[in-house]
Amino acid sequence: MCGDWCEVGMEGGGGVAKFFYVLLVLLATSGLGAESGAQPDGEEARILTLENAWNQAVQQKDAAALKMLLASDLIYVEYDGTLMNKAEYLASVQSPALRPARIVNESATVHLYGAVAVVNGVCRESGIKNGRPYALRERFTDTWVRRSDSWVCVSSQSTLATH
Amino acid sequence: MKTAGFVMIVGLALSCAAAQDATVSGAKSNILALEHAWDQAQERGDATALAAIFDNSLVYVDYDGTLLTKAEYLARVKSNATHMQQIVADEMSVQVFGDTAIVVGTYRAKGVENGKPYLRRGRFTDTWILMRGHWMCVAAGTTPILR
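Quick note, the sequences are listed as chains A and B, same order.
So in this note's numbering, spot 132 of the first sequence is number 132, and the numbers just go up one at a time.
So in this note's numbering, spot 49 of the second sequence is number 49, and the numbers just go up one at a time.
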């Protein structure tokens, strides 16, 4: 699900790339990048862009981008059942023990309810954790709420997809 | 005069805040009642009661990551292959974001699936939206607690 801009924009991980990446997240969250009079399709596309931006931000350990995507009162349930608030989640992403190499959404579907969006999908993640390689396939459910003209994620839950 | 105006503004602000608190607290109570009704209906295998609290667009993620629609979930509740004898939720908390509420909690479930007894402990997250004056569940998911 990660579009080409994610792959191209984040290669190298330099200061300029990071600047443009944060700019893209800002545009997606604020709606400034959306066409005027956006239809539901446009909102769905915005949400999916934010989902991809989230994956890239985790991969890049980009706390600044994540802070923009996530509500201050975020409820996050990890695939092992651990409950985290926003600060705990950001700390877990930035942990040096975790080095995700690839995070890609295999599928994602958006259900829009006015100023609320529920995204359900499957995510594949692989990398190194505590010095050992890992590979996960998770089904996730994210709830996004529009605040002013920005979308923020208020809840996210993952469950290992065992089949 | 200035003091009277200030007192009036503070009074208005406090009454608005109190009204908002009452709304939020009322929403929380309603949603918790619906969560308990859900558990009871599930134990009874009462698909009709469950159908009334789920929006038609419900997405349900089961313990093993299986994605179910409302129809699939209700069919499973009615199925003889799966029988949940008891479900006890605890540590439930509700966060209200305007017309949206998120419930997170843990549960223990006991039952029989395909002839085999099971005992599960998981964490759930449910998303509720206020639609035409009623709170409806649009998304629910459970994750096994592995540690």
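We put the CB at the ideal spot given by N, CA and C, even for glycine.
Reference residue i; option with closest CA among the options
i: A/K86; options: A/G42, A/R137, A/V152 and A/L160; result: A/V152
i: A/I128; options: A/A57, A/V122, A/L98 and A/Y89; result: A/L98
i: B/A89; options: B/F97, B/G122 and B/G65; result: B/G122
i: B/N80; options: B/G98, B/A33 and B/K116; result: B/K116
i: B/V94; options: B/Q40, B/V59, B/F124 and B/Q42; result: B/F124
i: A/Q94; options: A/R147, A/T162, A/Q59 and A/P133; result: A/Q59
i: B/G26; options: B/V96, B/E91 and B/L50; result: B/V96
i: B/E91; options: B/G65, B/V104 and B/K110; result: B/V104
i: B/Y118; options: B/Q85, B/T127 and B/G133; result: B/Q85
i: A/L83; options: B/T106, B/A52 and B/A140; result: B/T106
i: B/K70; options: B/A47, B/D64, B/Y63 and B/T82; result: B/A47
i: B/W128; options: B/V112, B/T100 and B/L146; result: B/T100
i: B/A109; options: B/K28, B/P144 and B/T23; result: B/P144
i: B/G45; options: B/V24, B/T23 and B/V112; result: B/V112
i: B/T82; options: B/S57, B/G98 and B/E43; result: B/E43
i: B/S57; options: B/A37, B/T23, B/R120 and B/Y73; result: B/Y73
i: A/A101; options: A/Q56, A/T109 and A/A108; result: A/Q56
i: A/V104; options: A/F140, A/R132, A/Y89 and A/V118; result: A/F140
i: A/A45; options: A/Y89, A/I75 and A/T109; result: A/T109
i: A/L136; options: A/R146, A/V122 and A/S148; result: A/V122
i: B/V149; options: B/G133, B/A140, B/G98 and B/H134; result: Since the first and last residues shown for chain B are 1 and 147, residue 149 of chain B lies out of range.
i: A/W144; options: A/V116, A/Y89, A/K67 and A/L90; result: A/V116
i: B/D64; options: B/R120, B/M131, B/D126 and B/L130; result: B/R120
i: A/K67; options: A/A91, A/D142, A/R132 and A/P96; result: A/A91
Three-way DSSP call (helix, strand, coil) for residue i in this model
i: B/K110; result: strand
i: A/S148; result: coil
i: B/W135; result: strand
i: A/Y79; result: coil
i: A/D41; result: helix
i: A/T162; result: coil
i: A/R46; result: helix
i: A/G31; result: Note on A/G31: pLDDT 48, under 50, position unreliable in the model; no value is reported.
i: A/A135; result: strand
i: A/S36; result: Any reading at A/S36 needs caution, since the residue's pLDDT is 41, under 50, leaving its predicted position unreliable; the model's value is listed next. Here A/S36 sits in coil by DSSP.
Status (buried if at least 16 other CB within 10 Å, exposed otherwise) for residue i
i: B/M136; result: buried
i: A/G81; result: buried
i: A/H111; result: buried
i: A/Q39; result: Caution is warranted here: a pLDDT of 45 is assigned to A/Q39, below 50, making its placement in the model unreliable, and no coordinate value can be reported.
i: B/I31; result: buried
i: B/D55; result: buried
i: A/S156; result: buried
i: A/N130; result: exposed
i: A/E106; result: exposed
i: A/S72; result: exposed
i: A/G114; result: exposed
i: A/S158; result: buried
i: B/N114; result: exposed
i: A/S36; result: A caution first: A/S36 carries a pLDDT of 41, below 50, which makes its placement in the model unreliable, though a value can still be read off. That one is exposed.
i: A/R146; result: buried
i: B/G133; result: exposed
i: B/L67; result: buried
i: A/D41; result: exposed
i: A/L74; result: buried
i: A/D149; result: exposed
Supposed close pair residue i, residue j - CB separation, criterion 8 Å
i: A/L48; j: A/L69; result: Wrong, their Cβ atoms sit about 13 Å apart, outside the cutoff.
i: B/D39; j: B/I102; result: Not confirmed; about 18 Å, so no contact.
i: B/T142; j: B/V59; result: No, B/T142 and B/V59 are not in contact; Cβ-Cβ is about 13 Å, not under 8 Å.
i: A/V161; j: A/E138; result: It should be noted that the sequence gives Ala, not Val, for residue 161 of chain A. At roughly 6 Å, the Cβ-Cβ gap stays under 8 Å, so A/A161 and A/E138 are in contact.
i: B/L34; j: B/V77; result: That pair is no contact at about 16 Å.
i: A/A65; j: A/A53; result: 7 Å
i: A/V154; j: B/V138; result: 13 Å between Cβ atoms; not a contact.
i: B/A37; j: B/I53; result: 7 Å
i: A/Y89; j: A/Y76; result: 5 Å
Chain-ordered chain E contacts of residue i [CB-CB under 7 Å]
i: A/A161; result: Of the protein chains in this structure, namely A and B, none is chain E.
3-residue-minimum beta strand (DSSP E) runs that sit fully inside the stretch 13 to 87 of chain B, ordered along the chain: The stretch 13 to 87 of chain B contains, as complete beta strand (DSSP E) runs of 3+ residues, the segments 54 to 61 (chain order).
Write down every uninterrupted run of the alpha helix (DSSP H) in the stretch 53 to 109 of chain A whose length is 4 residues or greater and which is fully enclosed by it, in chain order. Listed in chain order, the complete alpha helix (DSSP H) runs (minimum 4 residues) inside the stretch 53 to 109 of chain A are 63 to 69 and 86 to 94.
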